[in-house]
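Here's the structure, in structure tokens; my notes come after.
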Amino acid sequence: MQKLNGISGLRGIIALIIVLYHLQQIRPIQGLADWDWALYEFFNMLPVVVAVFFILTGLLRSLGYWGYILHDEKKPDIRKVIIDRWWRIAPAYYVVLTASFVWGIYISGFSLSSLPQLLSGFTFLNWVSPTIFFPTSVNGPLWFIGYDMMGYVFTVAMMIGLAHIQKKYIYSSIIAYICIFLSLHGIWVSLPWIPGDGILSVWFPHYSPFIFALYSIMGIVIGGLITGYRNMTKHIIWDVIFVTSIVSIFSYLWIIRGAPDLAYSYPMSPYRFPIIPGLWAIAIYALIYSRFCGIWIDNRFFTWIAGISYSLYLWHGLIISILLMTIFHQVYTSFTDWSIFSMATIALSLLVAWASVRWIENIRK
Numbered sequence: 004m005q006k007l008n009g010i011s012g013l014r015g016i017i018a019l020i021i022v023l024y025h026l027q028q029i030r031p032i033q034g035l036a037d038w039d040w041a042l043y044e045f046f047n048m049l050p051v052v053v054a055v056f057f058i059l060t061g062l063l064r065s066l067g068y069w070g071y072i073l074h075d076e077k078k079p080d081i082r083k084v085i086i087d088r089w090w091r092i093a094p095a096y097y098v099v100l101t102a103s104f105v106w107g108i109y110i111s112g113f114s115l116s117s118l119p120q121l122l123s124g125f126t127f128l129n130w131v132s133p134t135i136f137f138p139t140s141v142n143g144p145l146w147f148i149g150y151d152m153m154g155y156v157f158t159v160a161m162m163i164g165l166a167h168i169q170k171k172y173i174y175s176s177i178i179a180y181i182c183i184f185l186s187l188h189g190i191w192v193s194l195p196w197i198p199g200d201g202i203l204s205v206w207f208p209h210y211s212p213f214i215f216a217l218y219s220i221m222g223i224v225i226g227g228l229i230t231g232y233r234n235m236t237k238h239i240i241w242d243v244i245f246v247t248s249i250v251s252i253f254s255y256l257w258i259i260r261g262a263p264d265l266a267y268s269y270p271m272s273p274y275r276f277p278i279i280p281g282l283w284a285i286a287i288y289a290l291i292y293s294r295f296c297g298i299w300i301d302n303r304f305f306t307w308i309a310g311i312s313y314s315l316y317l318w319h320g321l322i323i324s325i326l327l328m329t330i331f332h333q334v335y336t337s338f339t340d341w342s343i344f345s346m347a348t349i350a351l352s353l354l355v356a357w358a359s360v361r362w363i364e365n366i367r368k
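The sequence shown begins at 4 in our numbering and counts up one residue at a time.
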């Protein structure tokens, strides 16, 4: 697989932003000045970076198939694809899921209702009902894994479809995929769901695997373009486009700061679809062909973070919960305590993620 300029470092940056977002969710907010409150509202917009992971799933998984379709390269072995993905995702995820389940029992006691949640996590099916959306009660970020796995499955299925048709039908097929998943999302949200509690009353059923499949399609399109035009050279114009896209994303978020989760999206869905995901897709494509931005983003630090980004995502929610319950009890009222807590969380999360990669993620190697 060809090296994609800047993509590794971008994954590292996004992982760090997600950790910072979850830390600022418990930041003391009493008596904030107007400028500080505006900043707080802006940081609440940052979950849109999760869209990058869905787009990258489509991009990275589609490249092997695009090589087969456009350049008659070896066709990916679907059995190997599935096995490799399972070994990439499952070991660390199952360990964290189990640890989170045990920690939840320790702090809240055992409840029979937690078993369906745990099962949904182990089977990557937490997306099918609001009652099992969160696989555990103490590590909220784990909801993403089941959705990401579905994005992976949809990407492989779509690419297998494209690999079995004539090239002249590829564009129309991609449009058909978009229409199919939009229709499935519309059907999904129209079902008579029982309203969820808390944030789920907003998120579910609008957080559907079908809407996220559209993000994967953006990645698939990027994969087709970079595979079809492999001889395209890097140019500073792509740096300009990348910077413009990033500035546009965060300027837009600043303007709409404080908006409800599903506002400024059509259909009503996560991450300000299609504007923000579309800008992310443009930024990712431009980054790959940039002359300077990709080199800078792929620096040693961000690349190292990228290498542990999956475990960092898995573990940081559990570490936040453990530190809050055992050491830091005043973070909601003391900015000093919150700052120390945040630094401790980041340091411990990086350490645990590194250990997780070395002894759990790489268990197969």
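For glycine and all other residues, C-beta sits at the position ideal for the given N, C-alpha and C.
These numbers come from a predicted model, not from an experiment.
By DSSP, does residue i sit in helix, in strand, or in coil?
i	result
K83	helix
S312	helix
P212	helix
M346	helix
L351	helix
N302	coil
M235	coil
Y96	helix
K77	coil
T101	helix
V131	helix
V224	helix
R294	coil
D264	coil
I366	helix
P273	helix
I108	helix
S324	helix
K6	coil
V360	helix
S219	helix
P138	coil
I32	coil
Note down the Cα distance separating residue i from residue j, rounded to an integer number of angstroms.
i	j	result
I223	H74	16 Å
L23	Q169	46 Å
R260	V250	15 Å
S359	W146	19 Å
A166	P79	10 Å
T306	P50	21 Å
V159	G149	16 Å
I252	L282	7 Å
G61	L26	29 Å
G226	R91	21 Å
P208	I291	34 Å
F295	Y288	14 Å
L128	I244	38 Å
G107	G124	14 Å
N365	P94	9 Å
I285	S268	18 Å
M328	P144	18 Å
W241	P277	22 Å
W40	V53	23 Å
M221	F113	42 Å
S293	W89	33 Å
Got a sec, what are the start and stop residues for the alpha helix (DSSP H) residue i sits in?
i	result
G199	Per DSSP, G199 belongs to no alpha helix (DSSP H) and is neither H nor E.
G281	278–291
F253	239–258
R14	10–27
D37	37–46
L118	117–125
Y68	53–74
H332	Segment: none, H332 is in no alpha helix (DSSP H) and carries neither H nor E.
L187	173–193
L165	146–166
Hey, residue i and residue j: beta-carbon distance below 7 Å or not?
i	j	result
P133	L203	yes
W299	S352	no
I214	H188	yes
S111	T139	no
S211	W196	no
I58	Y313	no
G231	G9	no
F344	V334	yes
P31	T339	no
N47	L321	no
F56	W257	no
S117	D301	no
F157	A216	yes
Tell me, please, whether the CB atom of residue i is closer than 7 Å to any CB atom in chain C?
i	result
S268	Protein chain content of the structure displayed is limited to a single chain, and chain C is not contained in it.
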